[in-house]
Each structure stands twice: as structure tokens, then as C-alpha cells.
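In the working numbering, the protein residues as written are 80 to 225.
Dropping the structure here:
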């Protein structure tokens, strides 16, 4: 189902499939993008603030993006962001965590500067299998009108 700006309304939510986080994935991402010891090595991580191997927050954000894309929300342009208002990492993501995300429409508005386009102000909460939030994000998505 294709969803245009008119098909979205405040309070509407979209839930994603799940993603299982592995130690190898945490280390591979960290080696490329955030090579800090607590993301790369169990022993060093055990002695760190995190007291164990933890995924980079940027890895959690990337997983969340993947989950949103594969959820097939049906936006005609895809998940095209127009900026992130806030991004918070609420608890460490560990090997074995299974993450899901839920995106909720907070507000819809048309763009006066671009007729035929609008913004969907969204809140996305990423949770572990126990339902604990690990990340929250508020952002705007660019969505065409029908």
C-alpha cells in the first residue's frame, strides 16, 4: 500500500520486523565507523563504563533505519529524512538483543515552499525484546501529496 501525506494522521503507528544483534556485527560496525575498545573487544568492554560489549549508538541508529526500510511503510519516496530533531541512546545494545522499532506520526504539515510535498513529524522508539527502549528519535520525513 502506498501512503501519501493525506493517508497519514497523528497517532498512526508502524511497527517493524525484528533484528537480532550479534557480537560479530557490533565489532564489524565498530571497526569501520566507531573503533572504540568497548565496541571492539569484550575484555576492554568489561572494564569500561558499559561493563561489557556494547553496540555503537550509531550502529543502533543504522539498525533502526534498516528496520524502518524493511517495514515497508509504503511512502512513495521511501524513508527520506528532512532532518533529525533529537536522537537519544537510552541503554546499551548488547549481543543477543533483538530489536524492533515503532514509528508514530506526531504531526503532518504541508510545505508552502514545495507545493505537493509535506512533512511527517515522526517519533521512532527502538526497543529490545523485553520492551525496554534503547533509542528514541524525532525526525521529519518528506512525503508527497497524492
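Every residue, glycine too, gets a C-beta built ideally from N, C-alpha and C.
Please read all numbers here as calculations on a predicted model, not as lab measurements.
Straight-line measurement puts the Cα of residue 98 at about 20 Å from the Cα of residue 166.
Taking C-beta separations shorter than 6 Å and ignoring five residues to either side along the sequence, the partners of residue 180 in its chain run 95, 143, 146, 203, 205, following chain order. Taking the Cα positions, residue 222 is about 31 Å away from residue 172. Shown here, residue 80 sits in coil according to DSSP, grouped into three states, outside any helix or strand. A residue is called buried when at least 16 other Cβ atoms come within 10 angstroms of its Cβ; residue 176 meets this threshold and is buried. The secondary-structure analysis by DSSP pairs residue 212 across a beta bridge with 206. Of 129, 101, 170, 218, the smallest CA-CA separation from residue 163 is found for 218.
The three-state reading of DSSP puts residue 172 in coil, since its state is none of H, G, I, E or B. According to DSSP, residue 218 shares a beta bridge with 163, 201.
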